[in-house]
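Below you'll find the structure, written out as structure tokens, and then a few comments.
Numbering (mature numbering (1 follows the signal peptide of the UniProt record, and there is no 0)), first residue to last: -35 to -1, 1 to 279.
Structural data, given as structure tokens:
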């Protein structure tokens, strides 16, 4: 944009020139001195708490990793050209992605309820500590499903991570993995079998939290609707694991969905409900803290990351 030279502009420029000349060397010296500080790299916050009615809901970043060639995982049923075009339109690279592991912990005021446990005890313990909790304070551990990045933090060489907790999962999910000969299940889950209780669709691990069938990713995965004082938020687990390649495009196939047609139907059903009722959700693998909204858009949906909405509840 061109600027018209007026008498006022000329006078201002003339007055500023001696000051700029006098300070120039010191300004550059200051900048140079500051640049000598070590580069810190990206920041990685590992907990994020919001208020939901009378509950505290905290996302916990228990780990994360870069992913090469993401179309080997997402969009298996679309062409590379379509995958690249959709990625470009959403300002993300088509050849790399980043995967976050975000359990959640809900303080109801009477019980501390952890949903999923990350890859290992170290990650979930560090995230809990950042949020002000210790593993022995956890009253209930709810497993949405039995994939390794959700059950890995249950136990390690020192034994169970949550010594005072009871455990809850879906009956169908437990039964499937109990007969699958899966090493992660056999070493992390089976030793805790006598501490488990099992849910069907619509069951409640604690008051105010309800299981919602989300089958397809695994045979018995549940999401969980949290409700307090009329406020709702849904933990969607691995129902949709990428904002663009799953939420916005629910029919795109995902490598780790065990029943791909059922998983797509689940995405459409749950995302449609969240969009219609304007309910926020927390997704395990979306960029941390993974909290957002969804709206209908064309034949799919559009992910809307959370702004300050839930911060107004505090």
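Note that the Cβ used here is the ideal one computed from N, Cα and C, for glycine as well.
Nearest-angstrom Cβ-Cβ length linking residue i and residue j, presumed shorter than 8 Å
i	j	result
residue 104	residue 137	Going by Cβ atoms, the distance from residue 104 to residue 137 rounds to 24 Å, so no, they are not a contact pair.
residue 173	residue 73	6 Å
residue 11	residue 69	Wrong, their Cβ atoms sit about 13 Å apart, outside the cutoff.
residue 249	residue 202	6 Å
Pair within 7 Å by beta-carbon distance, residue i and residue j
i	j	result
residue 236	residue 266	yes
residue 177	residue 186	no
residue 88	residue 6	no
residue 193	residue 20	yes
residue 280	residue 113	What the structure shows of the chain is the stretch from -35 to 279, and residue 280 is not part of that stretch, so it cannot be assessed.
residue 215	residue 229	yes
residue 81	residue 38	no
residue 160	residue 132	yes
residue 15	residue 275	yes
Close-in-space but distant-in-sequence residues of the same chain around residue i (CB under 6 Å, 5 per side omitted)
i	result
residue 127	100, 103 and 106
residue 366	What the structure shows of the chain is the stretch from -35 to 279, and residue 366 is not part of that stretch, so it cannot be assessed.
residue 258	245 and 269
residue 13	24 and 254
residue -12	Unreliable positioning characterises residue -12 in this predicted model, as indicated by a pLDDT of 49, which lies under 50. A coordinate reading is not provided.
residue 224	181
residue 278	16
residue 218	41, 42 and 225
Cut-off 7 Å between Cβ atoms - residues of its own chain near residue i, not counting five sequence neighbours on either side
i	result
residue 165	136
residue -9	Its pLDDT being 48, under 50, residue -9 is placed unreliably in this model, and the coordinates cannot settle the point.
residue 231	179, 180, 181 and 204
residue 260	240, 266, 267 and 269
Contacting residues, own chain, Cβ-Cβ under 8 Å from residue i (five flanking each side not counted)
i	result
residue 199	177, 188, 189, 190, 191, 235, 239, 244, 245, 246 and 247
residue 33	60 and 61
residue 58	52
residue -15	Model confidence at residue -15 stands at a pLDDT of 47, short of 50, so the residue's coordinates are unreliable; what they give is reported in the following sentence. There are no such residues.
residue 220	37, 38, 39 and 41
residue 18	192, 193, 194, 195, 196 and 278
Proximity test, Cβ basis, 7 Å: residue i and chain C
i	result
residue 138	Checking the listed chains, one finds no chain C in this structure; it contains a single protein chain.
Three or more beta-carbon pairs under 8 Å between the region 62 to 75 and the region 250 to 265, yes or no?
yes
Of all the alpha helix (DSSP H) runs that stay within the bounds of the region 202 to 259, which reach a length of 4 or more residues?
225 to 242
Would you check if the region 77 to 94 and the region 117 to 126 touch, i.e. whether three or more CB-CB distances between them fall below 8 Å?
Using a Cβ-Cβ distance cut-off of 8 Å, the region 117 to 126 and the region 77 to 94 are in contact, since at least three pairs of beta carbons, one from each stretch, lie closer than that value.
Three CB pairs or more closer than 8 Å across the region 92 to 99 and the region 68 to 82:
yes
Would you say the region 38 to 56 touches the region 209 to 221, given that touching needs at least three Cβ pairs under 8 Å?
In short, these stretches touch, since the Cβ pair count reaches three.
Which complete beta strand (DSSP E) runs does the region 10 to 40 hold, if anything under 3 residues is left out?
12 to 17, 20 to 25 and 28 to 33
As an exercise, report each continuous alpha helix (DSSP H) stretch of at least 4 residues that is fully enclosed by the region 74 to 145, in chain order.
86 to 95, 113 to 116 and 136 to 143
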